[in-house]
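Chemist:
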Amino acid sequence: MFKLMIIGAGGVGTVVAHKAAANPVFDEIVLASRTKSKADAIAQAVGGGRIKTDSVDADEVSQLVELFNKYRPDLVINVALPYQDLTIMDACLECGVNYLDTANYEPKDEAKFEYSWQWAYQDRFKKAGLTAILGCGFDPGMTSIYTAYAAKHHFDEIHYLDIVDCNAGNHGMAFATNFNPEINIREVTQKGRYWENGKWVETEPHEIKKDLTYPEIGQRDSYVIYHEELESLVKNFPTIKRARFWMTFGQEYLTHLRVIQNIGMARIDEIDYNGCKIVPIQFLKAVLPDPKSLGENYTGLTSIGCRIKGIKDGKERTYYIYNNCDHEKAYEETGTQAVSYTTGVPAALGAAMFAKGLWKAPGVFNVEEFDPDPFMAEIGKQGLPFVEKFDVDLEV
Ligand code: NDP
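What follows is the structure, given as structure tokens:
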């Protein structure tokens, strides 16, 4: 009897709910979120009475403890926001629940994300005999598992890792973000950072740019940004000499971002507006399109993968592994666009890996620390097939 709980009824939560409901390894599923009506709507779309719903403010450990004691889940998938990672992990420890997420902890009052806060739970999870699986979305998630798979099967040493993330979709809006606007804008307006020869190199935001070619898409302007999986990958694969993360942005998107920053709408501190305290970026989120609503008219592909150079049997080798995902197909299946889809599918499959005892050990783990093989054997059937290319020009 395996009981799964999902926290967060947004775009990613919608996909996790659909995929978990279709997987018989989960006997019971509860979807809890701040606004219960959103969880109810997802449960109804999934149908078959497969998903129970409840409400919770996941910022409050006491509420989470009450919820966990009510349903006694074996594992909780956190697809609320990164702000809630630590409160949910605290409640997991208090109630003996295992944990999985897709984004590392970020304090609300500082636009900074790093694993140190969650890695600090290692001894407590180990002592409690509980598993915490960190970063099981697409990036982090699939990109980390692709790297582990490459290291296991195709390389003796990985030297250069370039993660490339292209969204060539068109949602027809002048400006919208593909996942939670507050988290997304905080991420992409940060300074760039990459790993080279044992240390982090910092760049101005979007300072390094290249035209990269994406399969079935073509050339797109791609920029080096900092992304969280780099931190765990260089630790878990110490032969890496350089690790970078590239993301595509259109000029229109960058212009909007620049304006948002210049006029102060990306600020994360409280300001006084007519006697009312507001945080500009949270106000901006309230007026921007809900990422979940983009799905209906979204066309085109995402293409995310890893371009790797290293050594196998004494010879230099290049390798490119990627998935292309179609926004329209993702919408047909789950009612969400491909960015939510590519995040939710690995999260649901990671939970299934745990439920089957394949990814289970006491402690806190980034996904690349588990055996990638059972996951890679299943991920195509779950909707995210991968393509591998050997000895190709990586362009980076
Ligand atoms: P959404 O904003 O669409 O959904 C977030 C959901 O969490 C909403 O339903 C929201 O409730 C709920 N929520 C927020 N705060 C709380 C709280 N305190 N208590 C309970 N519920 C809460 O975000 P997405 O679905 O786009 O993203 C979800 C997560 O996935 C984020 O952490 C994001 O960083 C991560 N992500 C990871 C990616 C990866 O590849 N690894 C890629 C994309 C996203 P309400 O509806 O009431 O606001």
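Numbering-wise, the sequence shown is residues 15 to 410 according to the numbering used here. No residue lacks a Cβ here, since even glycine has one placed at the ideal position from N, Cα and C.
Evaluate contact between the region 122-129 and the region 27-35, counting only Cβ atoms and requiring at least three cross-stretch pairs below 8 Å.
Modeler: No contact exists between the region 122-129 and the region 27-35.
Chemist: Using 8 Å as the Cβ pair cut-off and three pairs as the minimum, do the region 194-204 and the region 232-244 touch?
Modeler: They touch, by the three-pair rule.
Chemist: Starting from Asn338, follow its DSSP beta bridges and name the residues at the other end.
Modeler: Its beta-bridge partners are Ser317.
Chemist: Which partner residues does Ala182 have in the DSSP bridge list?
Modeler: DSSP lists no partner for Ala182.
Chemist: Got a sec: does the ligand NDP put a non-hydrogen atom nearer than 7 Å to the Cβ of Pro96?
Modeler: The answer is yes for Pro96.
Chemist: Shortest alpha-carbon distance to Asn382 belongs to which of Thr253, Ser158, Val248, Ala59?
Modeler: Rather than Asn, the amino acid found at residue 382 in this sequence is Glu. Of Thr253, Ser158, Val248, Ala59, the residue nearest in Cα terms is Ser158.
Chemist: Anyone know if the C-beta pair for Asp176 and Val410 falls short of 8 Å?
Modeler: Cβ distance < 8 Å, so Asp176 and Val410 count as in contact.
Chemist: Taking the straight line between their C-alpha atoms, what separation do you get for Asp41 and Ile65?
Modeler: So the two alpha carbons sit approximately 10 Å from each other.
Chemist: With a CB to CB cut of under 7 Å and the five nearest residues on each side skipped, what residues in its chain are close to Glu392?
Modeler: If we look at Glu392 and ignore the five residues flanking it on each side, its Cβ neighbours are Leu363.
Chemist: Please go through the same chain and pick out, in chain order, the residues whose beta-carbon is closer than 7 Å to the beta-carbon of Gly349, but skip the five residues on each side of it.
Modeler: Result list for Gly349: Thr28, Ala59, Gly309, in chain order.
Chemist: Is Val202 near the ligand NDP - that is, is its Cβ less than 7 Å away from at least one heavy atom of it?
Modeler: No, since every heavy atom of the ligand NDP falls outside the 7 Å radius drawn around the Cβ of Val202.
Chemist: So, are the CB atoms of Asp283 and Val293 less than 8 Å apart?
Modeler: A contact, by the Cβ cut-off of 8 Å.
Chemist: What number of angstroms, rounded off, separates the C-alpha of Asn181 from the C-alpha of Trp260?
Modeler: Roughly 11 Å separates the two Cα atoms.
Chemist: Nearest CA to the CA of Cys150: which residue from Trp373, Glu402, Leu408, Phe404?
Modeler: When each option's Cα is compared against that of Cys150, the closest is Trp373.
Chemist: Smallest Cα separation from Val111: which of Trp131, Ile147, Glu128?
Modeler: Ranking Trp131, Ile147, Glu128 by Cα distance to Val111 puts Ile147 first.
Chemist: In angstroms with no decimal places, state the Cα-to-Cα distance between Ile197 and Thr313.
Modeler: In a straight line, the C-alpha of Ile197 is about 23 Å away from that of Thr313.
Chemist: Which class does Trp131 belong to by DSSP, given the choice of helix, strand or coil?
Modeler: Trp131: helix per DSSP, three-state reduction.
Chemist: Hey, how far is the Cα of Asp235 from the Cα of Trp209?
Modeler: For Asp235 and Trp209, the distance between alpha carbons rounds to 21 Å.
Chemist: Please determine whether the Cβ atom of Asn181 lies at a distance below 7 Å from any heavy atom of the ligand NDP.
Modeler: No, Cβ of Asn181 sits at least 7 Å from all heavy atoms of the ligand NDP.
Chemist: What first and last residue would you give for the alpha helix (DSSP H) that runs through Thr356?
Modeler: 352-369 is the span of the alpha helix (DSSP H), which, as asked, contains Thr356.
Chemist: Just checking my contact of Val44 with Met19 at CB under 8 Å: how many whole Å lie between their CB atoms?
Modeler: That belief holds up - the Cβ atoms of Val44 and Met19 are roughly 5 Å apart, short of 8 Å.
Chemist: Residues bridged to Trp214 by DSSP?
Modeler: Paired residue(s): Trp209.
Chemist: Taking its Cβ as the centre, do 16 or more other Cβ atoms sit within 10 Å of Trp133, making it buried, or is it exposed?
Modeler: That one is buried.
Chemist: Comparing the CB of Lys205 with every heavy atom of the ligand NDP, is any distance shorter than 7 Å?
Modeler: No.
Chemist: Would you list the residues sitting across from Leu114 in a DSSP beta bridge?
Modeler: Answer by DSSP bridge pairing, in chain order: Ile91, Ile147.
Chemist: Check whether the Cβ of Asp387 sits closer than 7 Å to any heavy atom of the ligand NDP, and report yes or no.
Modeler: False, no ligand heavy atom lies under 7 Å from that Cβ.
Chemist: Identify every run of the alpha helix (DSSP H) within the region 50-97, keeping only runs that are complete inside it and at least 4 residues long; order them along the chain.
Modeler: 50-60, 75-85, all fully within the region 50-97.
Chemist: Please state whether DSSP places Phe389 in a helix, a strand or coil.
Modeler: Helix at Phe389.
Chemist: Apart from the five residues on each side of it in sequence, which residues of its chain come closer than 6 Å, Cβ to Cβ, to Ser354?
Modeler: Correct list, in chain order: Gly25, Val26, Val29.
Chemist: Taking 7 Å as the cut-off, is the CB of Val70 close to at least one heavy atom of the ligand NDP?
Modeler: Yes, since a heavy atom of the ligand NDP falls inside the 7 Å radius drawn around the Cβ of Val70.
Chemist: Going by Cα to Cα distance, which pick from Ala369, Gly324, Lys291 is closest to Leu167?
Modeler: Note that residue 167 is His in the sequence shown here, rather than Leu. Of the candidates Ala369, Gly324, Lys291, the one whose C-alpha sits nearest the C-alpha of His167 is Gly324.
Chemist: Looking at the ligand NDP, does it come within less than 7 Å of Ser47, judged from the CB to the closest heavy atom?
Modeler: Ser47: yes, Cβ under 7 Å from the ligand NDP.
Chemist: Less than 7 Å between the CB of Lys306 and some heavy atom of the ligand NDP, yes or no?
Modeler: Correct: Lys306 has its Cβ closer than 7 Å to the ligand NDP.
Chemist: Under the rule that 16 or more other beta-carbon atoms within 10 Å means buried, what is Thr253, buried or exposed?
Modeler: Answer is exposed; the Cβ neighbour count stays below 16.
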